[in-house]
Every structure is written in structure tokens, then in C-alpha cells.
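The structure under discussion appears below in the form of C-alpha cells.
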Amino acid sequence: MTEYIVFIPLVIMLAGLAPIVIIDKYISKTQKKVLLTIIALVALLLAQNCGDYICQMNDMSSPIYRTIFDIIGYCLRPLIILLFCKLVQPEKKHKVTKVLVAGNALVYITALFSGVAFYIDERNHFHRGPLSYTVLFVSIFLLSYLFYCTISEFRFRKFGIIVALGNAALVIAGTAADLSPLYVDFPVSYLSITIICATLFYYIWLHLEFVREHENSLMAEKRIIIMMSQIQPHFLYNTLTTIQSLCLIDPQKAFETTGKFGAYLRNNIDSLEQKSVIPIEKELEHTKVYADIEMLRFPNIRVEYNIEAQGFSLPALTIQPLVENAIRHGVRECEDGLVEVTTKETDDNYEIIISDNGKGFDTESPPASDGTHIGVKNVRERIEEMCSGTMTVRSKIGEGTVITIKIPRT
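Note that the sequence shown covers residues 0 to 409 in numbering that gives the first Met the number 0.
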């Protein structure tokens, strides 16, 4: 009975995987159904292996029982591989592969009345027929098709390709072991074991892929929030009012301001499609466009730049929102307001420092957001997520605020 111990970890693995798949909120309903179907079929395959082994070991067993168990095994294996293809590309019909799986099943069902695939004699001995290797060729084709589906669907994701190659190698190795006469006296086929491992690996892979997609979706939503928070109604109205006034007293300045305002709007809208970091030069350009418009509206403020380091990248809409906060909540009411943007390079980091001589605030209890600007928290989160960087805020009431961003050098 010791040979049946191998069933215990396999059954535990399948029994534990099923509820995990059910409660996994990242996997789509369609793929969840396919995964649960695979788990059920693999459990059936384990039962088939056990029944077939019992029939082999029992000389008094009726040949028809062993025939039925073998038919089930030959039909299940290609079907499970087909479901893996459905798992990778759930929207595809996979018509040709379905025909192959159905044809394979018909070939082995003939064992009930013919020896064209295989037959079990009266002494309970297995005999191959001329079509006995149909399942092998069909499985090889399906594995190749599965690899093709994975490559075409996730060609830009190396982990998915590695999983597909690894699972294909596992199944091929399991098939080869099953065909070897050295492994016939074992209750679970090596191919069944590798299929269970493949099921687990594919679930882990799918989970990671859906988590990544979920994170990308959150980042997209965050970019929309950033963009919408930057295009503020009062800023739009005030800028348009300024341009309208300039049209009467300084048409050339109105023309220049209109161009800057258009560039400001375009950069904010472009941030919706910006999934990765951007060069510091581009972010500084956007910051200068915004600052020039604000300095035109508020002659009492100045924005100066001390750019000592360039050639590195950071998330879009990082410096500009901090400069905006410094102007709107720090120096706008000052008689001689100053905001300085400094970049420098150290041995380990690129540093960006945004400082102002405004009214400052208590960092232990910062003022609540009024819903019209990007909070420091949002900028900090994106710097940490996209650059593995850090951001610190130092402020003293009556003296101003200093924000330091550190981005590791690569």
C-alpha cells in the first residue's frame, strides 16, 4: 500500500488549489471556470490512474474495466492540454484543436469493440493496436499549439514564455517516462503528475499576470486623476481671463501665453498615455510652462532653476505639481515669493529639491487637500512605485518648505 502514498500530496494540492482559484479576485470568471474544469479533470485523471493500476494488479479483474479506465485516460490528457490553450486565449474558438481532441477520443473508444487502438486480452494483458500512439501525436501537436498561443498572447512577457516552455518540458518528460517500460508498476503516471504541476504553475502565472494588469489599471486611473486635478476650472478661467486682457494691452504677450497654455494642456493630456518614466528635461519644460503662466498672473512671485544634473528620468507630473503647490499654498500671498527648483547628482542618487520662502505648514498635521491640486502623497507614491525613490518634506511655519526627491542612480 505504500505506493499509494503518492496520491496524498497530489490530492491535497488539487483540493487546496480549487478554493484558492474560487476566491481569487484577480482572475476573470471565464478563466476561473476553465481552471476549475482543469482541476476537476485532473482529479478524474488521478482516479483513472488509480483504477487502472488496481485492474493491472488484479489478475481476476474483468478486461472491460481496464479497457474503460484506459479509454478515460487517453481521452482526458489531450482535453486537459486543450483547456490550457483556452486558459491562455479564452476568447479564441480553438476549432482545429477541438476536432483533434474529439478525433482522439473516437479512436480510443473503438477499444470497446475493436483492437485498432488497443485491447485487453482475457489474461488482463495490454496490447497496442496500429493507432495506439494517436494520443502521443495529438498531445505533441497540442503542446506546440499551446506554446504558440502563449508566445502570441504574451510575447512581451518573458515569465509567461518561461512557464510555457517549462510546462511543455514537464509534459514531454512525463510522456517519455510513461512510455518507458521501467515505470509501468506505479499507481500514478508520470504524465499525470506533470499535468498537476503544470496546472499549479499556470495558475500562479495567471494570478501574477492579472495582478500586473490590475496594478496597471490602478496606475491608469491614477494618471487620469492626476490629469483631471491639474486641469482645474479656476486655473483655466483665470488663465483665459488673463489672455483676454492681454489681447487688448499686449497682443504679442497674449499670443505667447496662448501657446504656453496650449502646451500646458497638451502635456497634461499626454500624461494619460504615459505609463513609464520620462526624461527630467521634459518634466522641467512642462514646469516652466506652468510657472511662466503663474508668474504672469502674479508678478510678486518668481520661479528659479538651478539645474546641475540632467540625463535621468522620473514620473510625469512630478515636479510641476510640487511647484504648483508651492505657489498656491506657499508664496502666492508673499510680497516677494520665491520658488527654487534644484537638481544635483550625488554618488548614489539624483536629487530634486523644490524649496519656497512661503508661509510653510506643520508637517505633523498638514493641511487637508482642497481637491484642486495633487497631494504630496500622490507624488510620493508614484516616485516609490516607478523609480524606487524617496521623497521627504521639511517645512517650518513662517519660513517655507523644502521637498527633496531622491532617485537611485542605475
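Note that CB positions come from ideal geometry on N, CA and C, so glycine has one too.
Going by DSSP, name the residue or residues bridged to residue i.
| i | result |
| --- | --- |
| M390 | I404 |
| K395 | G399 |
| Y118 | H126 |
| S354 | E339, V401 |
| L313 | I277 |
| R410 | Residue numbering for the chain in the displayed model covers 0 to 409; residue 410 lies beyond these limits and cannot be assessed. |
| R301 | L337 |
| Y349 | E344, I406 |
| I306 | T342 |
Can you list, in chain order, the residues of its chain with a C-beta nearer than 6 Å to that of residue i? Leave out the 5 residues immediately preceding and following it.
| i | result |
| --- | --- |
| F83 | L145 |
| A253 | I242, L245, C246 |
| T286 | I318, Q319, V322 |
| N266 | H285 |
| R301 | L337 |
| L130 | V106, V115, A116 |
| E255 | none |
| G128 | G114, V115, A116, F117 |
| C148 | C84, V87, Q88 |
| L398 | Note that residue 398 corresponds to Glu in the displayed sequence, not to Leu. If we look at E398 and ignore the five residues flanking it on each side, its Cβ neighbours are G359. |
Suppose contacts are defined by Cβ-Cβ distances below 8 Å. Is residue i in contact with residue j by that definition?
| i | j | result |
| --- | --- | --- |
| V134 | Y73 | yes |
| K281 | N348 | no |
| I79 | I37 | yes |
| R331 | T241 | no |
| G359 | T400 | yes |
| Q47 | I71 | yes |
| V338 | I352 | no |
| I396 | D361 | yes |
| E307 | E344 | yes |
| F209 | Y25 | yes |
| Q251 | E152 | no |
| N299 | D249 | no |
| L283 | L16 | no |
Less than 7 Å between C-beta atoms, sequence neighbours within five positions excluded: which residues of the same chain meet that for residue i?
| i | result |
| --- | --- |
| V378 | T317, P320, L321, M390 |
| I195 | L9, M12, L13, V41 |
| I279 | Q309, F311, S312, L313, T342 |
| T96 | L81, C84, L141, Y144 |
| D51 | R65, F68, D69, G72 |
| A104 | C74 |
| T238 | F260, I292 |
So what's residue i in DSSP terms, helix, strand or just coil?
| i | result |
| --- | --- |
| S191 | helix |
| N296 | As written in the sequence, residue 296 is Arg, which differs from the Asn given in the question. Helix, per DSSP. |
| V276 | coil |
| I248 | helix |
| I37 | helix |
| I26 | coil |
| N57 | coil |
| Y132 | coil |
| S113 | coil |
| H93 | coil |
| F260 | helix |
| Q88 | coil |
| G50 | helix |
| D361 | coil |
Check the C-beta distance from residue i over to residue j and give it rounded, since I have them as a contact under 8 Å.
| i | j | result |
| --- | --- | --- |
| C246 | P314 | About 36 Å separates the two Cβ atoms, so there is no contact after all. |
| N305 | C333 | That pair is no contact at about 20 Å. |
Under 8 Å Cβ to Cβ from residue i, same chain only, skipping five residues before and after it: list those, please.
| i | result |
| --- | --- |
| S179 | Unreliable positioning characterises S179 in this predicted model, as indicated by a pLDDT of 42, which lies under 50. The coordinate reading is nonetheless provided below. Excluding positions up to five away in sequence, the list is empty. |
| V375 | L321, N324, P365, M390, V392, I402 |
| Y263 | H285, V288, Y289, I292 |
| R76 | L44, V134, S138, L190, I194 |
| N382 | This sequence places Ile at residue 382; Asn is not what is there. Result list for I382: L313, P314, T317, G388, T389, M390, I404, I406, in chain order. |
| H126 | G114, F117, Y118, I119, D120 |
| Y236 | none |
| L86 | Q30, V33, L34, I37, Y201, L205 |
| T257 | I242 |
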